[in-house]
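What the sequence shown shows, in the working numbering, is residues 11 to 212, in sequence order.
Each residue gets a CB set at the ideal place from its N, CA and C atoms; glycine is no exception.
Each remark here refers to the structure printed beneath this line.
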Amino acid sequence: MKLTDEQVEFIRTEIDKSTLVSPSLKDDLLDHFCCFIEFRLAKGDSFTAAYAYAYQEICPNGLDEIQKETIYLLTSKKVIAMKKLMYFTGLVTSISVSIGWLFKLLNWPGGGDLFTYGFLGFVLIFLPMLAVDRYKLAFNKVLGERLKVILGFSSAIITGLAVMFKLMHLQGASILLILGTVMFSFGFLPFLFFRMYRKSVE
């Protein structure tokens, strides 16, 4: 049984009363409502009863919940894509470092380039991405937990760059190595062991 223009307009008005902002999402909801209601009307329900049934089936927690679920799904897809990229980068760069190191030990050509580019990718791409991911997880935790993440990854990146500078005989390697070691020893480790102690006595 086909809905009248007045009934369709009523459904559209009810959807517009919600906090939904996406026009395409509103149109999709309107189509869903119409399909459900027409199905119930064909079974002999009144329009009011059919609308109540459709509402309960489509959005039992309210139309505003649809918006939240849509945002969550879109965000989740982005997060999953970023995690895939992050771990794929970590895998590729780690393989490059290990294969490069093997080639260097066996004096095979290309070992130096594989090791260098793999190590740089690991330090400058994977570690910062991992740091951001871990910081987001610790964002709502105590300040000490967030500082532990910041200092830990910062010292790892700086020390990694220092090692790279040393291998390439570039200036500033010693300064970076000292800075990374000091940050790790007097920044990251105190926070790490303090948090471990707090957890053990809680």
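Query raised in the report: Which of the three DSSP states, helix, strand or coil, is assigned to residue 118?
Result: Stepping through the sequence shown from its first residue, residue 118 is reached at position 108. In this structure, residue 118 counts as coil in the three-state DSSP scheme.
**Report entry** Residues of its chain near residue 187, where Cβ-Cβ distance is below 6 Å and the 5 sequence neighbours each way are ignored
**Finding:** Here residue 187 refers to the residue found at position 177 of the sequence shown. Closer than 6 Å at the Cβ level, and outside the excluded window around residue 187, lie 172.
Query - Pair within 7 Å by beta-carbon distance, residue 190 and residue 136 - result: Here residue 190 corresponds to residue number 180 of the sequence shown, with the count starting at 1. Here residue 136 corresponds to residue number 126 of the sequence shown, with the count starting at 1. Contact: no.
Report task. Keeping to the same chain, check which residues put their C-beta closer than 6 Å to that of residue 159; ignore five residues upstream and five downstream. Result -> Start at 1 with the first residue of the sequence shown, and residue 159 comes out as number 149. Hits under 6 Å: 144, 145, 148.
Query - Range of the contiguous alpha helix (DSSP H) that encloses residue 66 - result: Position 56 of the sequence shown, counted from the start, is the residue given in the question as residue 66. Segment 57-68, the alpha helix (DSSP H) holding residue 66.
Query raised in the report: Among residues of its own chain, excluding the 5 on either side of residue 121, which ones have a beta-carbon nearer than 6 Å to its beta-carbon?
Result: Walking along the sequence shown from the start, residue 121 turns up at place 111. For residue 121, where only same-chain residues beyond five positions count, the Cβ hits under 6 Å are 110, 113, 114.
Report task. Return helix, strand or coil for residue 128, following the three-state DSSP convention. Result -> Residue numbering aside, residue 128 sits at position 118 when the sequence shown is read from its first letter. The answer is helix: DSSP assigns residue 128 an H, G or I state.
Requested in this report: Determine the DSSP secondary structure at residue 14, reduced to helix, strand or coil.
Outcome: Locating residue 14 in the sequence shown gives position 4, where the first residue counts as 1. Here residue 14 sits in coil by DSSP.
Query raised in the report: Over what stretch of residues does the alpha helix (DSSP H) that includes residue 162 continue unbroken?
Result: Along the sequence shown, read from residue 1 onward, the residue named residue 162 stands at position 152. It spans 153-177 - the alpha helix (DSSP H) in which residue 162 sits, taken as one unbroken run.
Requested in this report: Can you tell me which of the three DSSP states residue 27 falls into?
Outcome: Along the sequence shown, read from residue 1 onward, the residue named residue 27 stands at position 17. Of the three classes helix, strand and coil, the one that applies to residue 27 here is coil, per DSSP.
Requested in this report: Out of 22, 169, 138, 108, point me to the one whose CA is closest to residue 128's CA.
Outcome: Position 118 of the sequence shown, counting from 1, holds the residue named residue 128. Measuring from the Cα of residue 128, the nearest candidate turns out to be 108.
Report task. Could you give the DSSP three-state label for residue 34: helix, strand or coil? Result -> Reading the sequence shown from its first residue, position 24 is the one you call residue 34. Here residue 34 sits in helix by DSSP.
Report task. Over the uninterrupted alpha helix (DSSP H) stretch that includes residue 201, give me the two end residues. Result -> By one-based count along the sequence shown, residue 201 stands at place 191. Its alpha helix (DSSP H) spans residues 199-211.
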